[in-house]
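Asks: Sending over a structure as structure tokens; questions will come in a sec.
There are 4 protein chains.
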Amino acid sequence: MINVTIFNEFVHEKTDENVRKIYPEGIHMALKNYLQDEKIKISTFTLDNITDLTKEVLDKTDVIIWWGHLKHHEVPNEIAKNVCESVHKGMGAIFLHSAHFSKPFMSLMGTPCNLTWREDGDYELIWNINPAHPISQGIDRFIKLDCEETYGEPFGIPEPDQLVFIGNFEGGEVFRSGCCYQRGNGRVFYFQPGHETCPTYHNEQILRVIKNAIHWAKPVYRIKEIICPEVKKPMEE
Amino acid sequence: MINVTIFNEFVHEKTDENVRKIYPEGIHMALKNYLQDEKIKISTFTLDNITDLTKEVLDKTDVIIWWGHLKHHEVPNEIAKNVCESVHKGMGAIFLHSAHFSKPFMSLMGTPCNLTWREDGDYELIWNINPAHPISQGIDRFIKLDCEETYGEPFGIPEPDQLVFIGNFEGGEVFRSGCCYQRGNGRVFYFQPGHETCPTYHNEQILRVIKNAIHWAKPVYRIKEIICPEVKKPMEE
Amino acid sequence: MINVTIFNEFVHEKTDENVRKIYPEGIHMALKNYLQDEKIKISTFTLDNITDLTKEVLDKTDVIIWWGHLKHHEVPNEIAKNVCESVHKGMGAIFLHSAHFSKPFMSLMGTPCNLTWREDGDYELIWNINPAHPISQGIDRFIKLDCEETYGEPFGIPEPDQLVFIGNFEGGEVFRSGCCYQRGNGRVFYFQPGHETCPTYHNEQILRVIKNAIHWAKPVYRIKEIICPEVKKPMEE
Amino acid sequence: MINVTIFNEFVHEKTDENVRKIYPEGIHMALKNYLQDEKIKISTFTLDNITDLTKEVLDKTDVIIWWGHLKHHEVPNEIAKNVCESVHKGMGAIFLHSAHFSKPFMSLMGTPCNLTWREDGDYELIWNINPAHPISQGIDRFIKLDCEETYGEPFGIPEPDQLVFIGNFEGGEVFRSGCCYQRGNGRVFYFQPGHETCPTYHNEQILRVIKNAIHWAKPVYRIKEIICPEVKKPMEE
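Protein chains in written order, with my numbering: chain A, 1 to 237; chain B, 238 to 474; chain C, 475 to 711; chain D, 712 to 948.
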């Protein structure tokens, strides 16, 4: 069983009628309802109960999924730091869409994570550039989204360990839409689609990518504590 | 002075009236006329005199530029092998457009270098995704080409050491258009634009990229012979 | 069931009494006896029957393991090419020790794969530098080998996608001993230990690494043919 | 002219007689005296005047060199953050030895940067594994240091963009001793040697590496502000 924790700030869905129509229970519940199955067990947290996202919860989380946009600054530094440390110890992390500016993603990247953007109803084609990657299994040449916020390069991230998807927007932009990293013992996947005013997380192929990413990001090796020990000579150990 | 050798198969320009109009002296001469300056000295070779592209020439070449399309198979294996060995010893190499299927590029990559393609007059926007790379200096957010052959992903190359450009085609494709590699002691740059029926190599920004790539790819360190020597213990040397 | 094919040139074991004592049935049979289990089914080939290593065999092979040293040149070019194409289509490949100079490994790397070496009975410590990689699971901080041929840097390979092990030799050398690559759809692992005059492939931890590598390298996605198709505009497909 | 700023915490040299003998004016002054030349102009800062290391100073700095050990926590968060932002905007940064645990290095990496260590007078051989990298020019197969603190793997860093040096320690450890990264528009180099009780920064080859790294890390492209702008469609711009 893979224990997945979803954090969604859950603000747009309560303040914007258009968003509520798409995600009446919130993005986190939409994701949970689609992704939970016999191998994946999901807990959800929002800004309203983020203080419940304790170290104990993170210690039992195999993969965290993060969606945030308006209220990144309201996520307590301590919690963002705990998320990063859990990744370092082996937990997987999937950052969706505007979570490029979330505290834990920015800390894990070490870069500004800036980009250009435009919100005018363009369609997006998300191209599968590495059909042999575990995260792109079951995905054809591209995923078509009739509506998505446009994100454009340059995207201020480190060169990805593996680049799996590149987005093409109707207006002419491109974007590194699916990026894999290892940070400490943990695996990190950034996935660009998911603007709150578009029904992206009702798209089966998008959900398939996220489910694949859960399986890819689950811990291979997990440690209890990060140490920096004084050691003896190896031949004398 | 950087000694640059351009190889162009020089077939389309002699057999297709439309191409001849764009490059009356051949792509190699167009490139030579634009790129040669007080720091760059250029020699050219075509399929007609490819046997003159000897080891001695390669030994004196700092950077080779390669354009080919119809007649990759007519490049002698021995010459392709010598080009690769010169790269291994430190020579830089720039492969343009359809040279993705040239013998030396495929050998240096170790992969199929396959792609999808379409030729129907689409425009292309080539996005600068790494504005701090030496090859993208002087290039704005993107280069616009009114006409270019469409190349699409997946592109069968190894994950680039640095990805500098991504192309966006009118029809919706994306392509890793500017890819950097180190192979042995030499640097390799693949640059996608340059279809023979489009005036791509008359575009100042495209030429700027190629000139930047010459400066980036020139040898940092060059050896005369690749060896695999038996050695003494380092502390006894 | 993972179908593994082992190729061992099987020359030293027949011509050198010391090697025969260590591997009386050949390195391939030692590996087969240790690695075969309820999930891994192994076939073996040697130089004597290498022409039986047909495309049909490769098509059914999930992971190939390659050991060669004296007779790399006797491996037919056609078979080396078929191995590379199978990797491109999705097959995994594990190259052991002196297979750094084998035809398929060199072709897949696109580099000289040269190194320095010394054979004087040094011990080696193989350090696990990425404890979260699937290939290093079950391996402690390092593997100690009382006897191994010394391989030294610079090792003429492309920057690995992931570097998992670094070897330290008694005399003072270091070596990138465990290197991961993707080539086309297939995964490639190079693993340095395994000199024929040392009982390396009787070491449980070395075998554990190779078994891990089999599981890591098995195909994620496999295609029947490598194509370069002309396509329609994505929105018109 | 390359403007280099050296930060050295300058504690050991004032509190430990052995260290003072080696670096009577401090590590920063030793480095300055060796590295300053007609192309490199150096300013120095220590913990005593770290508040003078303002944004204005960083804006004029092309490459910062950082040495710290005992008092990482006394570097104000604001200054560490400014250093990172300057790197993102294009400034180069060289982190020496125990600066692996400095605030700016850890922030730029996004990982724990932990390691194992031992201090018992071992010699170190630092191997040049990429003789074609600009940072290893003028360095032979290895640099021998008669005395250095032992650092061991696993080193909790992201996979380097390029790995240039690997250290071999007398006791048997290995360490990724020379690691290159790009972070935002800036280049980062980590270089392991330089324990305060050893005369490492009087070694000509070590100084040569640092000087090479200054030239490599100097800004290629520099921006005044990191922005995340709303944009128009590229074809309408």
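Even glycine gets a Cβ: it sits at the ideal position worked out from N, Cα and C.
In the DSSP assignment, what residue or residues form a beta bridge with B:D383?
Replies: The residue given as residue 383 of chain B occupies position 146 in the second sequence. For B:D383, which the question treats as bridged, DSSP gives no partner whatsoever.
Asks: Is it buried or exposed, B:M328, if we count other Cβ atoms within 10 angstroms and call 16 or more buried?
Replies: Indexing the second sequence from 1 puts residue 328 of chain B at position 91. B:M328 comes out buried.
Asks: Is the Cβ of C:W541 closer than 8 Å to any Cβ of chain B?
Replies: Sequence index remark: in the third sequence, residue 541 of chain C carries index 67 (1-based). Not one chain B Cβ lies under 8 Å of C:W541.
Asks: Out of curiosity, what's the CA-to-CA distance linking C:N492 and C:T674?
Replies: The residue given as residue 492 of chain C occupies position 18 in the third sequence. The residue given as residue 674 of chain C occupies position 200 in the third sequence. Cα-Cα distance, rounded: 14 Å.
Asks: When you check each C-beta in the region 164 to 186 of chain A against every C-beta of chain D, which residues fall closer than 8 Å?
Replies: G171, G172, E173, Y181, Q182, R183, G184
Asks: Terminal residues of the continuous alpha helix (DSSP H) containing B:V294?
Replies: For the purposes of this step, residue 294 of chain B is taken as residue 57 along the second sequence, with counting starting at 1. Its alpha helix (DSSP H) spans residues 292 to 297.
Asks: Would you mind working out which of C:A687, C:N686, C:R682, C:E670 sits nearest C:E487, comparing C-alpha positions?
Replies: Counting from 1 along the third sequence, the entry for residue 487 of chain C is found at position 13. Residue C:E670 is the option with its Cα nearest to C:E487.
Asks: Applying a beta-carbon distance threshold of less than 7 Å, which residues of chain B neighbour D:Y932?
Replies: To locate residue 932 of chain D, count along the fourth sequence from 1; it is residue 221. Within 7 Å Cβ-Cβ: P368, A369, Q374.
Asks: Would you please state the rounded distance, in angstroms, between the beta carbons of A:E124 and A:N168? I believe it to be under 8 Å.
Replies: In the first sequence, the residue the question calls residue 124 of chain A occupies position 124. In the first sequence, the residue the question calls residue 168 of chain A occupies position 168. Between A:E124 and A:N168, the beta carbon gap of about 7 Å places them in contact (Cβ cut-off 8 Å).
Asks: At the level of alpha carbons, what is the spacing between D:G883 and C:V537?
Replies: On the fourth sequence, residue 883 of chain D is found 172 positions in, with the first residue counted as 1. On the third sequence, residue 537 of chain C is found 63 positions in, with the first residue counted as 1. The straight-line gap separating the alpha-carbon atoms of D:G883 and C:V537 is approximately 33 Å.
Asks: Excluding the 5 residues flanking A:C244 on each side, which residues of the same chain have their C-beta closer than 7 Å to its C-beta?
Replies: As shown, chain A starts at 1 and ends at 237. That puts residue 244 of chain A outside it, with no answer to give.
Asks: Provide the residue span of the alpha helix (DSSP H) that contains B:T252, from first to last.
Replies: For the purposes of this step, residue 252 of chain B is identified with residue 15 of the second sequence, where counting begins at 1. Counting along the chain, the alpha helix (DSSP H) containing B:T252 begins and ends at 249 to 252.
Asks: Nearest chain B C-beta to A:L115 closer than 8 Å, yes or no?
Replies: The residue given as residue 115 of chain A occupies position 115 in the first sequence. No, A:L115 does not count as interfacial toward chain B.
Asks: Can B:E407 and B:D359 be called in contact, C-beta distance under 8 Å?
Replies: As a first step, residue 407 of chain B is located in the second sequence; it is residue number 170 there, counting from the start. As a first step, residue 359 of chain B is located in the second sequence; it is residue number 122 there, counting from the start. For B:E407 and B:D359, yes; Cβs fall inside 8 Å.
Asks: Where B:C321 and B:L345 are concerned, what is the direct C-alpha to C-alpha distance, given to the nearest angstrom?
Replies: Residue mapping note: residue 321 of chain B aligns to position 84 of the second sequence, counting from 1. Residue mapping note: residue 345 of chain B aligns to position 108 of the second sequence, counting from 1. C-alpha separation (whole angstroms): 7 Å.
Asks: In angstroms, rounded to a whole number, what distance separates the CA positions of C:A691 and C:I568?
Replies: The sequence position of residue 691 of chain C within the third sequence is 217, counting from 1. The sequence position of residue 568 of chain C within the third sequence is 94, counting from 1. Rounded to the nearest angstrom, the two C-alpha atoms are 8 Å apart.
Asks: Enumerate in chain order the residues of its own chain whose CB-to-CB distance from B:W364 is below 6 Å, with the five nearest sequence positions on each side excluded.
Replies: On the second sequence, residue 364 of chain B is found 127 positions in, with the first residue counted as 1. Only F379, I403 meet the Cβ criterion.
Asks: Might you give, ordered along the chain, the residues of its own chain that have their beta carbon closer than 6 Å to the beta carbon of A:Y151, omitting 5 neighbours on each side?
Replies: On the first sequence, position 151 is the one that residue 151 of chain A refers to. Excluding residues within five positions, the ones whose Cβ falls inside 6 Å are L115, W117, F175, Q192.
Asks: Out of curiosity, what's the CA-to-CA distance linking D:E870 and D:G905?
Replies: By one-based count along the fourth sequence, residue 870 of chain D stands at place 159. By one-based count along the fourth sequence, residue 905 of chain D stands at place 194. Taking the straight line joining both Cα atoms gives about 22 Å.
Asks: Applying a beta-carbon distance threshold of less than 9 Å, which residues of chain C neighbour B:L345?
Replies: Position 108 of the second sequence, counted from the start, is the residue given in the question as residue 345 of chain B. Correct list: G584, T585.
Asks: Does the beta carbon of B:L333 come closer than 8 Å to any beta carbon on chain D?
Replies: Numbered from 1 along the second sequence, position 96 holds the residue referred to as residue 333 of chain B. Not closer than 8 Å to any Cβ of chain D, the Cβ of B:L333 fails to qualify, so no.
Asks: Go through its chain and collect everything with a Cβ distance to C:N477's Cβ below 6 Å, but skip five positions before and after it.
Replies: Position 3 of the third sequence, counted from the start, is the residue given in the question as residue 477 of chain C. Result list for C:N477: K515, K534, T535, D536, in chain order.
Asks: Using only the alpha-carbon positions, how far apart do A:S86 and A:I226 sit?
Replies: Along the first sequence, one-based indexing puts residue 86 of chain A at 86. Along the first sequence, one-based indexing puts residue 226 of chain A at 226. Near 10 Å, if we compare the C-alpha coordinates of A:I226 and A:S86.
Asks: Over what stretch of residues does the alpha helix (DSSP H) that includes B:Y271 continue unbroken?
Replies: Residue 271 of chain B sits at position 34 when you count from the first residue of the second sequence. Where B:Y271 is concerned, the enclosing alpha helix (DSSP H) stretches over 264 to 272.
Asks: Among the residues of its own chain, which have a CB less than 6 Å from the CB of A:V164, if the five just before and after it don't count?
Replies: The count along the first sequence starts at 1 and reaches residue 164 of chain A at position 164. Contacts found: N130, H133, I135, S136, G178.
Asks: With a threshold of 16 other CB atoms inside 10 Å of the CB of C:C654, please say whether the residue is buried or exposed.
Replies: In the third sequence, the residue the question calls residue 654 of chain C occupies position 180. Per the 10 Å Cβ criterion, buried.
Asks: Excluding five sequence neighbours on each side, which residues of the same chain lie with their C-beta closer than 7 Å to the C-beta of D:D872?
Replies: As a position in the fourth sequence, residue 872 of chain D is number 161, starting the count at 1. Taken in chain order, the residues that qualify are C891, Y892, Q893.
Asks: Under DSSP, the alpha helix (DSSP H) around B:E322 begins and ends at which residues?
Replies: Looking up residue 322 of chain B in the second sequence gives position 85. First-last of the alpha helix (DSSP H) with B:E322: 314 to 326.
Asks: Relative to the alpha-carbon of D:H799, which residue among A:G110, A:E74, A:K71 has its alpha-carbon at the smallest distance?
Replies: To locate residue 799 of chain D, count along the fourth sequence from 1; it is residue 88. Measuring from the Cα of D:H799, the nearest candidate turns out to be A:G110.
Asks: Considering only their Cβ atoms, is the gap separating D:V722 from D:I761 smaller than 8 Å?
Replies: Walking along the fourth sequence from the start, residue 761 of chain D turns up at place 50. Walking along the fourth sequence from the start, residue 722 of chain D turns up at place 11. It is not a contact, given that the beta carbons lie outside the stated cut-off.
Asks: Is the Cβ of B:E390 closer than 8 Å to any Cβ of chain A?
Replies: Position 153 of the second sequence, counting from 1, holds the residue named residue 390 of chain B. For B:E390, the answer is yes, since a Cβ of chain A falls inside 8 Å of its Cβ.
Asks: So which residues of chain A does B:W364 contact, with C-beta pairs closer than 7 Å?
Replies: Position 127 of the second sequence, counting from 1, holds the residue named residue 364 of chain B. Neighbours of B:W364 on chain A, chain order: E153, V174.
Asks: Can you tell me where the alpha helix (DSSP H) holding C:S581 begins and where it ends?
Replies: For the purposes of this step, residue 581 of chain C is identified with residue 107 of the third sequence, where counting begins at 1. 577 to 583 is the span of the alpha helix (DSSP H), which, as asked, contains C:S581.
Asks: C:Q666 lies in the alpha helix (DSSP H); which residues open and close that run?
Replies: Here residue 666 of chain C corresponds to residue number 192 of the third sequence, with the count starting at 1. Note, C:Q666: premise wrong, no alpha helix (DSSP H); not H, not E.
Asks: Which residue from A:H69, A:H97, A:E56, A:L70 puts its Cα closest to that of A:N82?
Replies: Taking the first residue of the first sequence as position 1, residue 82 of chain A is located at position 82. Closest by alpha carbon: A:E56.
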